[in-house]
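First to last, the protein sequences are chains X and D. The opening position of the first sequence corresponds to residue 135 in my numbering, with each subsequent residue numbered one higher. The opening position of the second sequence corresponds to residue 5 in my numbering, with each subsequent residue numbered one higher.
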Amino acid sequence: MAIDISTGLIALASGLAISASAFAAAWAEKEIGVAAIGAMAEKEELFGKGLILTVIPETIVIFGLVIAYLILQLAK
Amino acid sequence: MLRPYQMSSVIITGPKNLQELVIKQLYSLKVLHIAEHAKSELADIGAPLESANKLSEILVKVRALIFALGIKKYETSFEIKKDLLSIESATDKLNASLNKSLEELKNLEASISRNESLKQEFAILKDIKMPIESLLGYKSIANFTGYIKDETRLAELKEELLKITSNFAILNARAKNKVFIVLFIDAKSKEIASSLLNKLGFLPVSFPNIAGYNGLAADNLQKIDEEITILNKNKEEARKELNKLKEEYKGFLVAADEFLSEQLEKAEAPLKFAATSSSFLIKGWIPTEDLRKSIDRLNKVAKHKIFVYFEPAIKNGKVPVKLKNPKYARPFEFFMDIYTMPSYKEIDPTFFVAITFPLLFGFMLGDFGYGLTSLIIFWALKKKIPKANEFMNIPIFASLAAILFGLLFGEFFGYEEVFGSHLPHVLSRAEDINELMYLAVAVGIVHINLGFIIGFFNEFNSHGLKTAVYAKGGWIVLEAGVLFIALSALNIISLPVYAGIIVVLFSLFMLYKGEGVRGLVEFPSIFSNTLSYARLMAIGLSSVVLAVIVNESAAEFFHQGNFLILVGVLILIVGHAVNLMLGILGGSLHSLRLHYVEFFTKFFHGGAKKYSPFGVNSS
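In structure tokens form, the structure reads like this:
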């Protein structure tokens, strides 16, 4: 399967968009997760709120996914 | 629906000699949410009833017993004598016998562990044919006990020792992978022997427990074994005794705990009241529908010697909230519990959540097979755990929605074909990714605008029409402006682009008027919020792709035939189980998040306390 260089670059860019945003989301979730665990150690009822707060940055990776998808459209 | 129960704020006041009576009555009425009185110059907080000290003292004892016996709380029908003295004497008696049993058990355990270590020592010595008493207690002879690597080392040791002195004796026994030796040597050569042993890699073993025993180790070992068996038997009996105690008294203890906690709650209630030296005053809230009945009862019991004042709760006060919803939506009040209660004046969003939460979840899981499986699982859980009976309705509704969307997407465990026939679908998630994304964002626009409309009514109720139009209408005008810009840029409508820009600017002005600078700063959030609904597509897509991967890797094994079919079946089961678990977890978390973060921020303030009437156990 021969792919010309421009298509390859588009694929690379799209991969970069999602991996960078996934990394950012992971980083943010890590910070929140640590704080949430800390809060839970003090007060166990905070599990629900902690869980919700922890998934909040997941939006970042969804933006990444949308952008990655838009970039892939260029290849068509 | 949409509004919590109407509340009335109530003030009850009377002479102190009626206080206990009123407390008792309020406790059994279970309607008054007490507002805690803060100490002020006018009135101090009340003092607990006299019985409070005694009650808490006995309660501590009862709880200590419950803990020591390892009793789990359960519903008991045990009839307890409602008399403090008899509870106390029973508790003390139980405490004494429990302490005795525990002490006995502790002693038995200690002797077992001592015997166990003794047994180990004898086990090492069992092949040494020499009485125990001869091993120890010499003055002119030094002795070493321990391991060396093998017989060659032993021969080497003998050879080396012979060079120093002939006054030594070695006993040895083969142990696992090494040789156990007992070396007796002239005390004068102790130092040299020690360094020699070190050089040969000698591992010394000491026998701290064998002093005082006589005879061969092997015989002793047998005796110790017998002793341990007897001790273990005794321990088992002591355990049984303890269990008997537990079985005998657990009904009493749990009932006593319940009874005493109740009494203590009543006795400590005056701490929340305002009090002077001869009167008390209770402030609180009662749901308006229970008001008449409750006041009549109180007046009757107190023979009209108390005064009860009431008025409809003011909307700006810290009114506790008791949500009012149809039966279908009631389980979803749980989501308000873990977030925050809506305040008394605003619209209770539980009903909307009850509709949209399952739908958004279903959109993400969106598979007939998965929906059916999770429906069966949660239905079984609902039957199995009566406590969670109501709560389980949430995942059950959500599973039904997943089945519905599974039909729309034509998916069955990721397959779009079942037994050779293609499942009909409105939209294929695996192929029509573009359409799926547009649909997801469209769902977002609808959901967010629903939020603005609810917000409009909230603002209208609390700040009037003008603020409502500016603060919430502004957002809708902003959306319209962006739509104009997009449509004219795409040449779908023949409006110049700047017309849309003017609409956007006008909406920003409205937002500034309605929400102040905050509205201006936050205006880009509407784009990110809308785009956030793309997760409906993203999570659904990842679920589909995972399911397809599982199916394809299983299919490879099926083609190879024979016992590999079993491997394929295993892959299908494990793969789909994992994917279903991820789908349920991801689906519910993200659906919930869309409500909390994207939907609620458009209208919801919250912060009220949950209505918890005096007399209903908060635990």
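By construction, the Cβ of each residue, glycine as well, lies at the ideal position given by its N, Cα and C atoms.
Exposure label - residue i; buried when at least 16 CB within 10 Å
| i | result |
| --- | --- |
| residue 261/D | buried |
| residue 623/D | In this predicted model, residue 623/D has a pLDDT of only 44, less than 50, meaning its place in the structure is not dependable enough to derive any value. |
| residue 221/D | buried |
| residue 627/D | No statement about residue 627/D is possible, as the shown extent of chain D runs from 5 to 623 and does not include it. |
| residue 585/D | exposed |
| residue 313/D | exposed |
| residue 604/D | buried |
| residue 352/D | buried |
| residue 146/X | exposed |
| residue 397/D | buried |
| residue 288/X | Residue 288/X lies beyond the range of chain X shown here (135 to 210); nothing can be said about it. |
| residue 539/D | buried |
| residue 502/D | exposed |
| residue 564/D | exposed |
| residue 200/X | buried |
| residue 478/D | buried |
| residue 42/D | exposed |
Assigned secondary structure, residue i (DSSP; H/G/I helix, E/B strand, else coil)
| i | result |
| --- | --- |
| residue 528/D | coil |
| residue 224/D | helix |
| residue 205/D | coil |
| residue 421/D | strand |
| residue 191/X | coil |
| residue 447/D | helix |
| residue 288/D | strand |
| residue 567/D | coil |
| residue 14/D | strand |
| residue 151/D | strand |
| residue 277/D | coil |
| residue 623/D | Residue confidence is low: residue 623/D scores 44 on pLDDT, short of 50, so the model does not pin down where it sits. No coordinate-derived value is stated. |
| residue 323/D | coil |
| residue 604/D | helix |
| residue 175/D | strand |
| residue 54/D | coil |
| residue 614/D | strand |
| residue 174/X | helix |
| residue 250/D | helix |
| residue 186/D | strand |
| residue 48/D | strand |
| residue 245/D | helix |
Contact set between residue i and chain D, taken where Cβ atoms lie within less than 7 Å
| i | result |
| --- | --- |
| residue 186/X | 596, 597, 600 |
| residue 150/X | Under the 7 Å cutoff, chain D gives no residues; its nearest Cβ is about 18 Å from residue 150/X. |
| residue 143/X | Within 7 Å Cβ-Cβ: nothing; residue 143/X doesn't reach chain D, min ~22 Å. |
Residue from the options with nearest C-alpha to residue i
| i | options | result |
| --- | --- | --- |
| residue 413/D | 366/D, 380/D, 397/D | 366/D |
| residue 291/D | 280/D, 307/D, 283/D, 315/D | 315/D |
| residue 186/D | 278/D, 172/D, 390/D | 172/D |
| residue 161/D | 137/D, 203/D, 135/D | 203/D |
| residue 125/D | 225/D, 452/D, 543/D, 445/D | 225/D |
| residue 401/D | 362/D, 342/D, 433/D, 294/D | 362/D |
| residue 341/D | 209/X, 183/X, 198/X | 183/X |
| residue 529/D | 601/D, 618/D, 146/D, 582/D | 601/D |
| residue 485/D | 504/D, 473/D, 475/D | 504/D |
| residue 266/D | 525/D, 30/D, 455/D, 252/D | 30/D |
| residue 46/D | 277/D, 452/D, 455/D | 277/D |
| residue 326/D | 35/D, 523/D, 15/D, 87/D | 35/D |
| residue 174/D | 52/D, 596/D, 576/D, 139/D | 139/D |
| residue 343/D | 419/D, 609/D, 61/D, 620/D | 609/D |
| residue 298/D | 572/D, 212/D, 579/D, 28/D | 28/D |
| residue 283/D | 50/D, 497/D, 519/D | 50/D |
Within chain D, partners of residue i - CB distance below 8 Å
| i | result |
| --- | --- |
| residue 196/X | 535, 536, 538, 539, 542 |
| residue 190/X | 597, 601 |
| residue 199/X | 538, 542 |
Within chain D, partners of residue i - CB distance below 9 Å
| i | result |
| --- | --- |
| residue 208/X | Under the 9 Å cutoff, chain D gives no residues; its nearest Cβ is about 14 Å from residue 208/X. |
Neighbour flag for residue i against chain C, beta carbons, 7 Å
| i | result |
| --- | --- |
| residue 145/X | The chain labelled as chain C is not found among the protein chains of the depicted structure, namely X and D. |
Residues in the stretch 516-549 of chain D having any Cβ partner in chain X nearer than 8 Å: Listed by position along the chain: 532, 535, 536, 538, 539, 542.
Members of the stretch 578-602 of chain D near chain X, C-beta cut-off 8 Å: 593, 594, 596, 597, 600, 601: these are the residues of the stretch 578-602 of chain D whose beta carbon lies less than 8 Å from some beta carbon of chain X, given in chain order.
For the stretch 152-183 of chain X, which residues have a beta carbon sitting closer than 7 Å to at least one beta carbon of chain D? Of all residues in the stretch 152-183 of chain X, only 182, 183 come within less than 7 Å of chain D when Cβ atoms are compared, listed by chain position.
Residues of the stretch 342-355 of chain D whose Cβ lies closer than 8 Å to any Cβ of chain X, in chain order: Going along the stretch 342-355 of chain D in chain order, one finds 342, 343 with a Cβ nearer than 8 Å to chain X.
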